[in-house]
Amino acid sequence: MTTQDDRTTVDATEPERWDPHAIEARWLPVWDEAKPFAAGASGDGRPGKYVLDMFPYPSGDLHMGHAEAYALGDVIARYWVQQGFDVLHPIGWDAFGLPAENAAIKRGVDPGVWTRENIAQQKASMRRYACSFDWDRVLATCEPDYYRWNQWLFLRMHEKGLAYRRPSQVNWCPKDQTVLANEQVVQGRCERCGTAVTKKKLTQWYFKITDYADRLLDDMDQLQGAWPDKVLAMQRNWIGRSTGADVQFVVEGRDEPVTVYTTRPDTLHGATFFVVAVDSDLAEELVADAAPDVREAFDAYLEQVRGTTEIERLSSDRPKTGVFLHRYAVNPANGERMPVWAADYVLADYGHGAVMAVPGHDQRDLDFALAHDLPVRVVVDVRDPDGQPLPDPAVSGVATAGDGELVGSGPLDGLRKAEAIERISEQLAADGLGGPTVTYRLRDWLISRQRYWGTPFPIVHCPGCGEVRVPDDQLPVELPPSDGLDLSPKGRSPLAAATDWVSTTCPSCGGPAERDTDTMDTFVDSSWYFLRFLSPQLQTAPFDRAEADRWMPVDQYVGGVTHAILHLLYARFFTKVLHDMGMLTPTEPFTRLLNQGMVQMDGAAMSKSKGNLVRLGEQLDDHGVDAIRLTMVFAGPPEDDVDWADLSAAGSARFLARAWRLARDVTSAVGTDPSTGSLPLRRVTHKVVADAAQLVESLRFNVAVARTMELVNALRQAIDDREVGPADPAVREGVEAVAVLLSLVAPYTAEDMWATLGHEPCVARAGWPAVDEALLVEDTVTAVVQVKGKVRDRLEVPPGIGEDELRELAMASEKVIASIGDAPVRRVIVRAPGLVNVVTG
RNA sequence: GCGGGAGUGGUGGAACUGGCAGACACGCAGGACUUAGGAUCCUGUGCCCCUGGGCGUGCGGGUUCGAGUCCCGCCUUCCGCACCA
Numbered sequence: 001m002t003t004q005d006d007r008t009t010v011d012a013t014e015p016e017r018w019d020p021h022a023i024e025a026r027w028l029p030v031w032d033e034a035k036p037f038a039a040g041a042s043g044d045g046r047p048g049k050y051v052l053d054m055f056p057y058p059s060g061d062l063h064m065g066h067a068e069a070y071a072l073g074d075v076i077a078r079y080w081v082q083q084g085f086d087v088l089h090p091i092g093w094d095a096f097g098l099p100a101e102n103a104a105i106k107r108g109v110d111p112g113v114w115t116r117e118n119i120a121q122q123k124a125s126m127r128r129y130a131c132s133f134d135w136d137r138v139l140a141t142c143e144p145d146y147y148r149w150n151q152w153l154f155l156r157m158h159e160k161g162l163a164y165r166r167p168s169q170v171n172w173c174p175k176d177q178t179v180l181a182n183e184q185v186v187q188g189r190c191e192r193c194g195t196a197v198t199k200k201k202l203t204q205w206y207f208k209i210t211d212y213a214d215r216l217l218d219d220m221d222q223l224q225g226a227w228p229d230k231v232l233a234m235q236r237n238w239i240g241r242s243t244g245a246d247v248q249f250v251v252e253g254r255d256e257p258v259t260v261y262t263t264r265p266d267t268l269h270g271a272t273f274f275v276v277a278v279d280s281d282l283a284e285e286l287v288a289d290a291a292p293d294v295r296e297a298f299d300a301y302l303e304q305v306r307g308t309t310e311i312e313r314l315s316s317d318r319p320k321t322g323v324f325l326h327r328y329a330v331n332p333a334n335g336e337r338m339p340v341w342a343a344d345y346v347l348a349d350y351g352h353g354a355v356m357a358v359p360g361h362d363q364r365d366l367d368f369a370l371a372h373d374l375p376v377r378v379v380v381d382v383r384d385p386d387g388q389p390l391p392d393p394a395v396s397g398v399a400t401a402g403d404g405e406l407v408g409s410g411p412l413d414g415l416r417k418a419e420a421i422e423r424i425s426e427q428l429a430a431d432g433l434g435g436p437t438v439t440y441r442l443r444d445w446l447i448s449r450q451r452y453w454g455t456p457f458p459i460v461h462c463p464g465c466g467e468v469r470v471p472d473d474q475l476p477v478e479l480p481p482s483d484g485l486d487l488s489p490k491g492r493s494p495l496a497a498a499t500d501w502v503s504t505t506c507p508s509c510g511g512p513a514e515r516d517t518d519t520m521d522t523f524v525d526s527s528w529y530f531l532r533f534l535s536p537q538l539q540t541a542p543f544d545r546a547e548a549d550r551w552m553p554v555d556q557y558v559g560g561v562t563h564a565i566l567h568l569l570y571a572r573f574f575t576k577v578l579h580d581m582g583m584l585t586p587t588e589p590f591t592r593l594l595n596q597g598m599v600q601m602d603g604a605a606m607s608k609s610k611g612n613l614v615r616l617g618e619q620l621d622d623h624g625v626d627a628i629r630l631t632m633v634f635a636g637p638p639e640d641d642v643d644w645a646d647l648s649a650a651g652s653a654r655f656l657a658r659a660w661r662l663a664r665d666v667t668s669a670v671g672t673d674p675s676t677g678s679l680p681l682r683r684v685t686h687k688v689v690a691d692a693a694q695l696v697e698s699l700r701f702n703v704a705v706a707r708t709m710e711l712v713n714a715l716r717q718a719i720d721d722r723e724v725g726p727a728d729p730a731v732r733e734g735v736e737a738v739a740v741l742l743s744l745v746a747p748y749t750a751e752d753m754w755a756t757l758g759h760e761p762c763v764a765r766a767g768w769p770a771v772d773e774a775l776l777v778e779d780t781v782t783a784v785v786q787v788k789g790k791v792r793d794r795l796e797v798p799p800g801i802g803e804d805e806l807r808e809l810a811m812a813s814e815k816v817i818a819s820i821g822d823a824p825v826r827r828v829i830v831r832a833p834g835l836v837n838v839v840t841g
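Using my numbering, read the first sequence as starting at 1 and increasing by one per residue.
Put into C-alpha cells, the structure is as follows:
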C-alpha cells in the first residue's frame, strides 16, 4: 500500500514533472511583489472595469462554495486585465452578525477577536488560491472605520424621513431572541437557525423602502437580459405590485368609514360579509365596546392566533377560522348590511387589514363562508370553454375567479370583468368612496436587531428632546467592549447592560440621555460596501464621488442566488437613495449579475452532519490550486449546480501537466516571428483565441476551457509531427497563447509556462493575444451533401463557392448518385458553402 | 395555486440567427513504454442488426427541403413565493 508521502517523494525526484506545490511556492512571493492587480494606478490611462465578488462572511475558512465563486469571478477579472482594462476587483468581509456572537457565547471569545482571526485565515487562503484581488483595498464591516459610515448614512436617511421608528407586530425568532426582517423569514422559519418564527409587538427602526417600490420594480427593465430572469422574477414577486381599488364601507356605530383594498371592485355587489385581521388595531377597536361574550370569544381567538407559529399559519389547507364581532358594515353599492368578522386569513399589514368578502368569486372567502354558514352570491356569469355556466360555488365549493358578464350588479350588469372594474372604480372615485389604487406586497425594511455584534444606531433618546441624532463629528458611535456583557439572547439588546456606554448627554440640550441600544441589520453593511471599495481609506465621506463616477456601476457582480431578494434589493434601494441625495450618478448598482450554482456532493448540499463534506484545503493539498480552479470552471455552465462527485480534479491536473510540458518542448527563441510557422497550426491558435474571448465574455467559461484543450491537443500533435516539430514558430505562438488563456484559470501553471518560454512575470498582464483576422478565414470548408435530409457525402470546397457550382459538384458525387438511385429529383436546396440537400420522390 | 428554470451517451456537458447531434472531458476497454503504474503516449467508446444500413436529444402531434433548436398539447423534475384580498 502506497501512501501520499511516497508519491511526494516520487514527484520530488523527477524534476521534469509538473509539481503544483513547487510552482505555487515559486510564484506567490513574486506576485506579492509585483501586485499585478492593483487598480487605479495613477496615469496609466486604461479604461476601467469593476468586477465584484460578493464578500464572504468570516465564519471559518473558505469552503468549496467560495472556491467555485472566486474561481469564476477571477476568470472575468483576469480576462479584462488581459484585454487591457484597469480592473477593480476588490474583496472584504461582511464581518458583523450572529455567527461571531454565537461563537463568542459558546466559546467565551470576543466576537471581534474571533472574526479577525477568521478574516486572517480566509485572506491567507485567498492568497494561496491566487484570487486576483487588489489587496490594498480590503475592508471589514466590523471596523469602526467602516460602520461609522453606516451610521452617517443612517443619519442622512433619518433626516429625509427614510429611517424611522414605529411599533408593530414583528417577526421574532425565539431562539436567537431577535427581530427578523420579512426577507429573513423563510417558510415561516428563521433564516439563520431554522426555528419557527413568532410575532411580537415592538418598537423598531425601519427604512422606508416602500417609497421606492415603483422604482425598484420599473428600473428592472434596465437589468433585463443582464441579470438572471429568475432573480428579476423573484424581486418582482417580492415587491408584488397589485392594481385594484380602495372601497370605503360605513361600519355602523363608527364615525369614520373603513377602507378595504380589492383587486375585484367589479364584484362589489357580491360582497356578503366583511373581514378584519384579528391582530389589527381595527379589530381591537371594533370589539372595544362589545358585549362580554363577544369580547371573550374575540380574546380567546386572538390568543389562539398569537400562539400559532408562522409555519402553522402557512399550511395551506387549514380550515378558515374567525369570530363574528356582532357589528355590521354597509355595502356602498346596494346598502346591504354585512356582518363583520375577525379572522386570521386576513393580514393586518397588507392593504388596510380588512377585506370585503366575495365568496362567489374568491376561494378564500368561499372557504370561510362555507365554514361559517355565510351567504354566497354569484355576480359574474363565468362560463367554461364550451360556453356552459360553471357550477354554483356554494354547491361545488369552487369560487369562479374568471372573466364573464356581470349579473345582479345593477348598473354593471352586462359588462365584462375589465369594463366593470373600470366603471365601478371611476364611480367610487366620483362618489368619494374610494377609487383606483396600487398596493404592494413589499413592507418597510426592519433594521433593528437586539444583538451586540453590529452597528449601533447613532441616536440618543432624551427625556426632553426625544429622538436626537448623534452629530456627524461624534461618529463613530463605537461598540463598547464585550467584556462583562452578557451576549446570550434574552430579547433585549446586550448593549443595554453597558450602562456607562448607554448613559450619555443629549447632543441637543446637554441633559442626561441614553443611547439607542439596538444594532443594525447586517444587510445595511452590505447595501453599500461596493462603494466603500472605491476609496476605503477616505475619512471625510463614505465614498469619493469622483471615484464613483469612474468605477460605478459594477460591471459584473458574481455571487450566490441566495441573495436574490435580500441583499440585491437592499443594495438597489441604497443606490437609488444615494442617487436622490446627489451622491451618486447611477440608479442601479450592478450592471450584470452572475449567480453561480452550488457545489454539492453526492447529490446533496455538503454538510458535516451528512458526512459528505469535501474540504477545500484537502483538495488543494491533493491536486494543487490550479487543478481545483480548473475543475470548478470546466465543470459546466457557471450558473448550474455542480456535484463534486461527478468531477475529476485528477483529470484537470493531467491536462495542466500536459499543457505545462508544451512550454518545455518549445525550442524556438523568445520573440520568434510566427508568420513563417505552420499555417494550419496558426489557424487553430487564432481561432481558439478568438473564440475564447467571445466565450468568456458570454460567461461560457467551460466551453472556453474546452477550446483551450483543443489547442493543447493540436500543439501536442504538431510538436510530435515530423513535418512541424518543436522548433516551428507557430508552436511557440500557440503555446504562448495557451499560457495566456490558462492565466485566467490556472495562474500558477500559466506563470511557470511563461517563464519557461523565456518571459518575465507576470503572464497575468501579458495581454490577450492579437487575433489575425486573415487566419480565421478557412481556405476550404466541408460542404455536407444530404439526400432527403440524410448525410451522404462531404465535399471540400472553397469558402466563396457559388450556389450553382456547389450544386453541380454535389450532383456529380458518386455517393449522392448512388443514394438517389432511380428516384426523381424534386428539388435541390443549396446553402453555399456548407450544405446541399437533394429532395427526391 | 402563482412565478422561473431544466430534461441530449455509462457520467459532466457541447451544438452561433433551424443546417454534420454528442465538441471537450470523466469513466471504461484494448495496446505501447515499463520492475511497477494512480505517470506518459496511442486506439476505441450513442444504441441496434451481418458488410451496408437502421434508430436516436423526456412523450405525442405540427410547421419546414431540413427541428435538440420554432409552434401546439402532455409528462417528469428542480428552484423561488405562497391566505397579499
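Built from N, CA and C at the ideal position, the CB exists for glycine as well.
Counting only the Cα atoms, residue 148 lies some 42 Å from residue 636. According to the DSSP secondary-structure assignment, residue 202 is paired through a beta bridge with 168.
Beta-bridge annotation (DSSP): residue 148 is not paired with any residue.
Contact check between the segment 236-247 and the segment 411-418: fewer than three CB pairs, one atom from each, fall below 8 Å, which does not count as touching. The three-state secondary structure of residue 49, taken from DSSP, is strand. Following the DSSP letters along the chain, one finds residue 125 in no beta strand (DSSP E) but inside the alpha helix (DSSP H) bounded by residues 111-128. Remark: C-beta atoms of residue 357 and residue 368 approach each other more closely than 8 Å. Between residue 110 and residue 508, the CB-CB gap reaches or exceeds 8 Å. Taking C-beta separations shorter than 6 Å and ignoring five residues to either side along the sequence, the partners of residue 276 in its chain run 282, 283, 342, 354, following chain order. Residue 598 sits in coil when the DSSP states are folded into three classes, being neither helix nor strand. 273 is the residue among 273, 298, 769 whose C-alpha sits nearest the C-alpha of residue 360. Taking residue 775 as reference, the option from 715, 728, 677, 804 with the minimal CA-CA separation is 677. When the alpha-carbon of residue 175 is set against those of 460, 490, 748, 511, the nearest one is in 490. In this chain, the alpha helix (DSSP H) harbouring residue 367 covers 363-372. Non-local beta-carbon contacts of residue 261 in its own chain, meaning distances under 7 Å to residues more than five positions away in sequence, involve 244, 246, 351, 352, 437, 439 in chain order. At the C-beta level, residue 501 and residue 480 come within 8 Å of one another.
Residue nearest to residue 101 within the set 381, 59, 686, 299 is 59 (criterion: CA-CA distance).
Annotation: residue 54 is outside any beta strand (DSSP E) and is labelled neither H nor E by DSSP. Our two residues, residue 453 and residue 517, have alpha carbons roughly 12 Å apart in a direct line. Per DSSP, the unbroken alpha helix (DSSP H) holding residue 32 starts and ends at 20-34. Straight through space, the alpha carbons of residue 788 and residue 693 are spaced by roughly 38 Å.
Assignment of residue 655 by DSSP, reduced to helix, strand and coil, places it in the helix class.
The beta-carbon separation of residue 762 and residue 80, rounded to 15 Å, does not stay under the 8 Å limit for a contact. Sequence-distant Cβ neighbours of residue 441 in its own chain, meaning closer than 6 Å and more than five residues away, are 240.
Here residue 321 is actually not in contact with residue 349; their C-beta atoms are around 19 Å apart, not less than 8 Å. Here residue 614 is not near residue 659, since their CB atoms are 8 Å or more apart. Straight through space, the alpha carbons of residue 621 and residue 236 are spaced by roughly 44 Å. In the three-state reduction of the DSSP assignment, residue 133 falls in the coil class. Within the same chain, Cβ atoms closer than 6 Å to the Cβ of residue 791 are found at 784, the five residues on either side in sequence being excluded. Residue 18 and residue 818 have their alpha carbons spaced roughly 54 Å apart. Under the three-state reduction of DSSP output, residue 590 falls in the strand class. In this chain, the alpha helix (DSSP H) harbouring residue 215 covers 213-218.
Following the DSSP letters along the chain, one finds residue 459 inside the beta strand (DSSP E) bounded by residues 459-462.
For residue 686, the enclosing alpha helix (DSSP H) stretches over residues 679-697. Contact between the segment 60-70 and the segment 563-579 is absent: fewer than three C-beta pairs spanning the two stretches fall below 8 Å. Comparing C-alpha distances from residue 702 to each of 363, 75, 46, 539 shows the shortest one belongs to 75.
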